[in-house]
Amino acid sequence: MPPHPTRLVNFIFSYCTDPASLEGLQWLSCYLTTGKHMSMYYAFGTVLLLLAITAPVALAFGFGGASAARSHFAPLRWFGKAYIAIVRGIPDIAFFLFFVIALDQGFEFIRHKIKCPDWQEPVRQGNDFVICTAAKLPLGNAPQWVHESYGFALAVLTFAIVFGAFAANVLFGAMRAVPHGQLETAEAYGMSRRQTFWRILVPQMWVYALPGLSNLWMVLIKATPLLFLLGVEDIVYWARELGGSKQPQFTDYPHPDWRMWYFLALLVFYLAFTKVSEVVLDRIMARLTHGQATAAGEAQRKAAA
Amino acid sequence: MSCWETIIDYGLRSQGIGERLLPRNDFTLCQQFTLIGSGMIWNVYFGLIALCTGFFMATAVALGKAAQSAWIRKPAEWFIFVFRGSPLFIQFFFAYFLFLSLKAQYPVFSPLTSAWAGALVVLFLNTAAYSAEIFYGALQSIPKGEIEAADAYGLSGWSRFRRVIWPTMLRLAWPAYTNEAIFLFHATTLVFFSGFPALQQRGDALYYANYFADKTFNPFIPYPILAGYFILLTLVVIGVFGLVNTRLNRHLPQERRKRLKIKPQVIR
Amino acid sequence: MKNLILSTAVLALTGSMAMAESHSVVRLGTEGAYPPYNFINDAGEVDGFERELGDELCARAELTCEWVTNEWDSIIPNLVSGNYDAIIAGMSITDERKEVIDFSENYTQPDPSAFLAMGDVDVTTAVVAAQASTIQAAYVAGMEGATLLEFATPDETVAAVKNGEADAVLADKAFLLPIAESDAEVSIIGEDVLIGGGIGLGVRQSDTELRDKFTAAIQSMKADGTLNELIVKWLPDSATF
Chain A
1 MPPHPTRLVN FIFSYCTDPA SLEGLQWLSC YLTTGKHMSM YYAFGTVLLL
51 LAITAPVALA FGFGGASAAR SHFAPLRWFG KAYIAIVRGI PDIAFFLFFV
101 IALDQGFEFI RHKIKCPDWQ EPVRQGNDFV ICTAAKLPLG NAPQWVHESY
151 GFALAVLTFA IVFGAFAANV LFGAMRAVPH GQLETAEAYG MSRRQTFWRI
201 LVPQMWVYAL PGLSNLWMVL IKATPLLFLL GVEDIVYWAR ELGGSKQPQF
251 TDYPHPDWRM WYFLALLVFY LAFTKVSEVV LDRIMARLTH GQATAAGEAQ
301 RKAAA
Chain B
1 MSCWETIIDY GLRSQGIGER LLPRNDFTLC QQFTLIGSGM IWNVYFGLIA
51 LCTGFFMATA VALGKAAQSA WIRKPAEWFI FVFRGSPLFI QFFFAYFLFL
101 SLKAQYPVFS PLTSAWAGAL VVLFLNTAAY SAEIFYGALQ SIPKGEIEAA
151 DAYGLSGWSR FRRVIWPTML RLAWPAYTNE AIFLFHATTL VFFSGFPALQ
201 QRGDALYYAN YFADKTFNPF IPYPILAGYF ILLTLVVIGV FGLVNTRLNR
251 HLPQERRKRL KIKPQVIR
Chain C
1 MKNLILSTAV LALTGSMAMA ESHSVVRLGT EGAYPPYNFI NDAGEVDGFE
51 RELGDELCAR AELTCEWVTN EWDSIIPNLV SGNYDAIIAG MSITDERKEV
101 IDFSENYTQP DPSAFLAMGD VDVTTAVVAA QASTIQAAYV AGMEGATLLE
151 FATPDETVAA VKNGEADAVL ADKAFLLPIA ESDAEVSIIG EDVLIGGGIG
201 LGVRQSDTEL RDKFTAAIQS MKADGTLNEL IVKWLPDSAT F
């Protein structure tokens, strides 16, 4: 018989030393506070943090992409349009499966070129990707949290590139939706192209972009289960891991296949998060509409009068 | 083995026709292109059928959400909320569980535990919910004047819907609906990846790309091939939807129609 | 700044020294979902046969080791691209894999796979579930008459047998035994199947130094019998050395 794992001290409830003797709520309270469950709760935080960072970064990518796509400098315009078309055309899942490794190797290669200019051996040795020690990202002897943060940052960047393309598409449309008269008026006032762009176009485009952007935010929330492909242990990973049936040899808390319950909890989480997002986005929309020359803005004005 | 033979052997492998065993060593580019392409049959099948059937349900649900009666409106709202508010990953998981228990009770439902029927149902409901929300938004923004004009012409009920409301709704919703179609085709890659088991190694494009990545240990060839196929598919979708868009807008003055066209301009 | 460039140049020149430096911490990659070889215990840490083995090997080779979990599907690409230094994840030594990575000496005998089913089933004509992209899936695909049904995780393959989707599941015997013991509905049926060689640590082909260190440590554990003790403790049905 394989050994029983060493009994682990539960730091929250003192009665958890012998789970086999517990029943009902007590057992459940111990079960739900194991270190493994803590990792899952921690993963909720990871997902929220990722969303909080990815959203503005993706927006920045989108803004850059959209500005590039309407640039008067042809190569930049082609680059912007190609970025939007290509990344939007690939399923995010396929992108995640090879892009992160490519990105990681790309960064390390650049660092390798800078830090070890005298390196003689080839970087590709057969199947191996070999770079000098100093160029490793993160350094081979860095603590685990550095590795995890680096993985997280790569995930944010990958998400931002993918969703940036969609955001660019939305913003590109929004920039074109700003009434032409507004831009002409700015020109008539003697504003330069740059001034017209930053002072007139950008402030006004958001109201046209927001429906598309909020839709994108909803899609982004629902793409987070793909995080485990990027090496980040997300909530779906833990739900699968914790929910799968557990034999008494390997745990103090054996149970049959409980994935159903874990996924139910995730369903509730995602639905609640969606609801909250909807409410918040509605408020932002009402704010942005204020004073705008749109039908909704007109309605607001009339209601106030 | 020449590439042509490979195509004959594996071109329809995803449907179970041709060579029984997948290639096991000496993987060629041709094999990868052929098998991943063969898998695309499933992606197109799921996407196309879910889109076509989902379209009608979406129209019905959108009308339901816009209905006066709470008995119709509430279920429609909840349907949209649940399917739009949860990841497809989780929907596949629950659907598979549900179909299994249905099958245990009534043998009639047994096809639902295989991907070709079960995953199709999930994708159908999913796209119906997303499209319904888009259509609902469009319904809300139909210009009042158009409905008044229809009334003035003496149109009412079905004929008013069929001739005035529905075409206008589609015209307004079309750009967003195009995006939804693209998303749907992309979502079909999840079917075998997380939801349903692959029978006899008959899988979709991602399944075969995964197979090659696993056998050759090199993700940089099969996944970009898969990406290439999907970019092509997306271009086709955009093209077809663009044609429909032109048709939907054909009554508008030339000037405005031109603006909706995507015109590649190299030199300005 | 000058200092920095100088020091990196020195590092680059003394290649072998840099190698030793790079392995001041050796990162061990595992799946964490395949008991008893490796799994995540209640505390959320990597545990199992390979955890104990890996820690002992690192102690003998005088290496500082760290555990990392990674999806099974991308476990080799991430090794060759340098995200960790060794794979210790119940990975059988096969010719296909040897083309891409190097293995240390095997630390288990060729491990038998087995069929698990409810009641008696003729596996030669049955629907057999297996985890996608495993040697077992490849084996069933080659069985004339049997129908292969592939799932993403090992858990799902067992669930498929219990809910009737599949007639049997083919997996490593050491993985199936605890399930058969704790669940009266299912049992191991038929003869064991021998696929693949023993299990070894996977390392990059360019990293011969690390491979030799692990091989030496494994040999010393074989010699003094500690490896056999671990096998008896965690893999009761497997052959010892």
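Those protein sequences? They're chains A, B and C, same order as listed. Using full-length UniProt numbering, the first residue of the first sequence is number 1, and each one after it goes up by one. Using full-length UniProt numbering, the first residue of the second sequence is number 1, and each one after it goes up by one. Using full-length UniProt numbering, the first residue of the third sequence is number 1, and each one after it goes up by one. Cβ coordinates follow ideal geometry from the N, Cα and C atoms, glycine included.
Discussion item. What does the alpha-carbon distance come out to for the pair Leu266(A) and Ala159(C)?
Written reply: When rounded, the distance between both Cα atoms is 21 Å.
Worksheet entry | Short CB-CB distance (under 8 Å) between Thr113(B) and chain A | Nearest CB-CB separation between Thr113(B) and chain A: not below the 8 Å threshold.
Worksheet item: With a Cβ-Cβ cutoff of 8 Å, do Glu31(C) and Thr64(C) count as a contact?
Response: Not a contact, by the Cβ cut-off of 8 Å.
Worksheet item: Any residues in the region 85-97 of chain B with a beta carbon nearer than 8 Å to a beta carbon of chain A? Which ones, in chain order?
Response: Flagged, chain order: Gly85, Ser86, Pro87, Leu88, Phe89, Ile90, Phe93, Phe94, Phe97.
Worksheet item: If you draw a straight line from the alpha carbon of residue 243(C) to that of Ser71(A), how long is it in whole angstroms?
Response: Residue 243(C) is absent from the model: chain C starts at 1 and stops at 241.
Worksheet item: Looking at chain A, which residues of the region 98-126 of chain C have a Cβ within less than 9 Å of any of its Cβ atoms?
Response: Within the region 98-126 of chain C, the residues whose Cβ lies closer than 9 Å to some Cβ of chain A are Glu99, Val100, Ile101, listed in chain order.
Worksheet entry | Closest Cα partner of Glu150(C) within the set Glu144(C), Met143(C), Val169(C) | Comparing alpha carbon positions, the residue from Glu144(C), Met143(C), Val169(C) closest to Glu150(C) is Val169(C).
Worksheet item: Along the region 263-275 of chain A, what residues have a CB closer than 9 Å to any CB found in chain B?
Response: Identification of residues in the region 263-275 of chain A having a C-beta nearer than 9 Å to some C-beta of chain B yields Phe263, Leu264, Leu266, Leu267, Tyr270, Leu271, Ala272, Phe273, Thr274, Lys275, given in sequence order.
Discussion item. Any heavy atom of the ligand COA inside 7 Å of the beta-carbon of Asn179(B)?
Written reply: With respect to small molecules bound, the structure shown includes none, and the ligand COA cannot be examined in it.
Item to complete: My understanding is that Gly195(B) touches Ala119(B), with C-beta atoms under 8 Å, so please give their C-beta distance in whole angstroms.
Response: That pair is a contact at about 6 Å.
Discussion item. For the structure I just gave you, are there three or more beta carbon pairs, one from the region 151-160 of chain B and one from the region 68-84 of chain B, closer than 8 Å?
Written reply: They do not touch, by the three-pair rule.
Worksheet item: What's the gap between the Cα of Lys74(B) and the Cα of Pro87(B)?
Response: Taking the straight line from one Cα to the other gives about 22 Å.
Discussion item. Please report the straight-line C-alpha distance between Tyr262(A) and Met40(A), rounded to a whole angstrom.
Written reply: About 11 Å.
Worksheet item: In chain order, what residues of the same chain lie with their CB nearer than 6 Å to the CB of Ile231(C), ignoring the 5 residues before and after it?
Response: Listed in chain order, the non-local C-beta contacts of Ile231(C) below 6 Å within the same chain comprise Ser238, Thr240, local neighbours out to five positions each way being set aside.
Discussion item. Please classify Glu133(B) as buried or exposed, where buried requires at least 16 other C-beta atoms within 10 Å of its C-beta.
Written reply: Counting Cβ neighbours within 10 Å, Glu133(B) comes out buried, since at least 16 surround it.
Worksheet item: With a cut-off of 8 Å, does the C-beta of residue 309(A) fall near any C-beta of chain C?
Response: This structure does not reach residue 309(A), given that chain A is present from 1 up to 305, and the question cannot be answered.
Discussion item. Which same chain residues end up closer than 7 Å to Glu5(B) when comparing Cβ atoms and leaving out the 5 residues on each side of it in sequence?
Written reply: For Glu5(B), where only same-chain residues beyond five positions count, there are no Cβ hits under 7 Å.
Worksheet item: Does the distance from the C-beta atom of Val47(A) to that of Val156(A) stay below 8 Å?
Response: Between Val47(A) and Val156(A), the C-beta gap is not smaller than 8 Å, which leaves the two residues out of contact.
Worksheet item: If you drop the 5 nearest sequence neighbours on each side, which residues of the same chain put their C-beta closer than 8 Å to that of Tyr96(B)?
Response: The answer, listed in chain order, is Thr113, Gly118, Gly195, Phe196.
Worksheet item: Do Ala227(B) and Ala94(A) have their C-beta atoms within less than 8 Å of each other?
Response: Contact flag set, yes.
Worksheet item: Do we get a CB-CB distance below 8 Å when we pair Gly173(A) with the residues of chain C?
Response: Not one chain C Cβ lies under 8 Å of Gly173(A).
Discussion item. Measuring straight from C-alpha to C-alpha, what distance separates Arg257(B) and Trp174(B)?
Written reply: With a pLDDT of 48 at Arg257(B), under the threshold of 50, the predicted position of this residue should be treated as unreliable, though the coordinate-derived value follows. Arg257(B) and Trp174(B) have their alpha carbons spaced roughly 14 Å apart.
Worksheet item: Which term fits Ala209(B), buried or exposed, when burial requires 16 or more other beta carbons within 10 angstroms of its beta carbon?
Response: Ala209(B) is buried by the Cβ-count criterion.
Discussion item. The beta strand (DSSP E) that contains Pro112(C), what's its start and end?
Written reply: Where Pro112(C) is concerned, the enclosing beta strand (DSSP E) stretches over 112-117.
Fill in: Pairwise C-alpha distance: Ala33(C) and Arg60(C)
Here the alpha carbons of Ala33(C) and Arg60(C) stand approximately 26 Å from one another.
Worksheet entry | C-beta neighbour in chain A for Phe82(B), strict 8 Å | Residue identity differs from the one stated: residue 82(B) is Val in this sequence, not Phe. For Val82(B), the answer is yes, since a Cβ of chain A falls inside 8 Å of its Cβ.
Item to complete: Please report how far the alpha carbon of Ser113(C) lies from the alpha carbon of Arg51(C), in whole angstroms.
Response: Counting only the Cα atoms, Arg51(C) lies some 22 Å from Ser113(C).
Practice prompt. Specify whether the region 207-216 of chain A and the region 174-194 of chain A touch according to this definition: at least 3 beta carbon pairs, one from each stretch, less than 8 Å apart.
Written response: Yes, since at least three Cβ pairs between the region 207-216 of chain A and the region 174-194 of chain A fall closer than 8 Å, the two stretches touch.
Fill in: Reference Val203(C), options Ser182(C), Thr157(C), Leu79(C), Lys162(C), closest by Cα
Closest option to Val203(C), Cα to Cα, is Leu79(C).
Discussion item. I want to know whether the region 67-83 of chain A touches the region 93-110 of chain A - three or more CB-CB distances under 8 Å.
Written reply: Cβ pair count under 8 Å is below three, so no.
Worksheet item: Given that a residue counts as buried once 16 or more other Cβ atoms are within 10 Å of its Cβ, and exposed if not, what is Arg124(A)?
Response: By the neighbour-count criterion, in which 16 or more other beta carbons inside 10 Å mark a residue as buried, Arg124(A) falls on the exposed side.
Discussion item. Considering just the uninterrupted stretch of the beta strand (DSSP E) at Trp198(A), what are its terminal residues?
Written reply: Careful: Trp198(A) lies outside any beta strand (DSSP E) and carries neither H nor E.
Fill in: Nearest residue (CA-CA) to Leu232(B), options Leu171(A), Ile90(A), Phe269(A)
Of the candidates Leu171(A), Ile90(A), Phe269(A), the residue whose Cα lies closest to the Cα of Leu232(B) is Ile90(A).
Worksheet item: What is the C-beta distance between Leu97(A) and Leu220(A), in whole angstroms, given that I count them as a contact (C-beta under 8 Å)?
Response: Contact doesn't hold; Cβ gap of about 18 Å is too wide.
Item to complete: Quick one: list the residues of chain C neighbouring Lys113(A), beta-carbon separation under 7 Å, in chain order.
Response: Simply none; closest approach about 12 Å.
Worksheet entry | When Val186(C), Lys222(C), Ala43(C), Glu56(C) are compared against Asn163(C), the one with the closest alpha-carbon | Checking every option, the nearest Cα to that of Asn163(C) belongs to Val186(C).
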